[in-house]
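Take a look at the structure set out below.
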Ligand code: SAM
Ligand code: SF4
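What follows is the structure in structure tokens.
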């Protein structure tokens, strides 16, 4: 048998970018149907097509053995997957992992915040686009604001190092809530990040170009009330951060359209179906589910497939709000 070349200590793509952060979508399902994320009548994948919890745990191990330091579980809504806490526990014990995080809509946090903290999660991102119950219902189509706010309180009580709010702002839908959302976060010691809407999947609800508000406009709106101090801080993701002078709350902007972040990209995504997606805005991918199902439990084959995939990580996305989406995959499949 020929000796195999040792695996590299880090994943590096052909542009020299080190990939140290993986977002894993643990399910495409969700209890909400946010207007910018899903169509009203979504069809979800049959169970057999999505990775099992064991496959997800194996993938997490393979990534960390290849130098990945941060794993974020997302979806769909990660916390609606049965027994997902077991996956958090398995991943939380991986040597070499600096950070295990989750992005959630908050609907299950009353029940699960304590278990997540106990499993080793130290930071949580919770999506919240409105503080008005009726409007929240319209934006999420099914969500209950009070339940999410109780979830946020449960997360704050569970002792995470950081709880961050994520907000997507749409013109004429919730753009009058920018300052109230900042105030809500600041009053509770939370950070907040504003995300520009990305053209992923056909949503049928609104014209994305008409709804677009740039991060600079959002920032200007906040600066009518608060002083924002620029910082060079990063949480290892694409957000640019400022701090509120009065309170120290961090305010981030994720701006795929107005401030392209591809040059410093350190991320890849694993879709719920087990495709390793090399860029959120392109289709370059490698089917890791096939590798795992052809050679069950063979972590070396899996690691080799991941290392080889770095050769096709594209230079950047080319999102264009004025054209029909080129990417038909919804954010919920992708893992936002
Ligand atoms: N269900 C969880 C949640 O809502 O936090 C996790 C998955 S969700 C896809 C992750 C993040 O992506 C959320 O903060 C959501 O607001 C954001 N998102 C969804 N669709 C988006 C889109 N088309 N453009 C920008 N952000 C989007
Ligand atoms: Fe569900 Fe999150 Fe998408 Fe909303 S943004 S529909 S909560 S996956």
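In the numbering used here, the protein residues as written are 33 to 368. We put the beta carbon where it would ideally sit given N, CA and C, even for glycine. Just so you know, these numbers come straight off a predicted model, no measurement behind them.
Name, in chain order, the residues that DSSP records as bridge partners for residue i.
| i | result |
| --- | --- |
| residue 53 | 102 and 299 |
| residue 273 | 284 |
| residue 115 | DSSP lists no partner for residue 115. |
| residue 245 | According to DSSP, residue 245 bridges with nothing at all. |
| residue 196 | 157 and 223 |
| residue 261 | 275 |
| residue 317 | 309 |
| residue 123 | Its beta-bridge partners do not exist; DSSP assigns none. |
| residue 44 | 50 |
| residue 188 | Paired residue(s): none; residue 188 is not in a bridge. |
Which class does residue i belong to by DSSP, given the choice of helix, strand or coil?
| i | result |
| --- | --- |
| residue 84 | coil |
| residue 168 | helix |
| residue 212 | helix |
| residue 133 | strand |
| residue 203 | coil |
| residue 79 | helix |
| residue 334 | helix |
| residue 142 | helix |
| residue 339 | helix |
| residue 67 | coil |
| residue 163 | coil |
Skipping 5 residues on each side, what residues in its chain have a beta carbon closer than 6 Å to that of residue i?
| i | result |
| --- | --- |
| residue 10 | The requested residue 10 is not part of the displayed model; the chain covers only 33 to 368. |
| residue 263 | 273 and 275 |
| residue 95 | 54 |
| residue 128 | 96 |
| residue 265 | 273 |
For residue i, which residues of its own chain have a beta-carbon under 7 Å away from its beta-carbon, when the five flanking residues on both sides are left out?
| i | result |
| --- | --- |
| residue 271 | 225, 284, 285 and 286 |
| residue 319 | 306 and 307 |
| residue 333 | 323 and 327 |
Excluding sequence positions up to five away, which residues of its chain have a Cβ less than 8 Å from the Cβ of residue i?
| i | result |
| --- | --- |
| residue 163 | 177, 209, 212, 213 and 216 |
| residue 259 | 276, 277 and 278 |
Flag residue i as yes if its beta-carbon sits less than 8 Å from any beta-carbon of chain B, otherwise no.
| i | result |
| --- | --- |
| residue 215 | Going by chain labels, chain B is absent from the structure shown, which holds only one protein chain. |
For the stretch 98-118 against the stretch 57-64, are there 3 or more C-beta pairs whose distance is under 8 Å? Inter-segment contact for the stretch 98-118 and the stretch 57-64 is present: three or more beta-carbon pairs are separated by less than 8 Å.
The stretch 251-266 touching the stretch 174-190, judged by at least three CB pairs closer than 8 Å: no
Taking one C-beta from the stretch 85-98 and one from the stretch 315-335 each time, how about it: are there three or more such pairs within less than 8 Å? yes
Do three or more CB pairs link the stretch 135-143 to the stretch 178-185 at distances below 8 Å? yes
Inter-stretch contact at 8 Å, needing at least 3 Cβ pairs: the stretch 38-55 / the stretch 64-74: no
Within 8 Å, do at least three Cβ pairs link the stretch 340-348 to the stretch 39-50? yes
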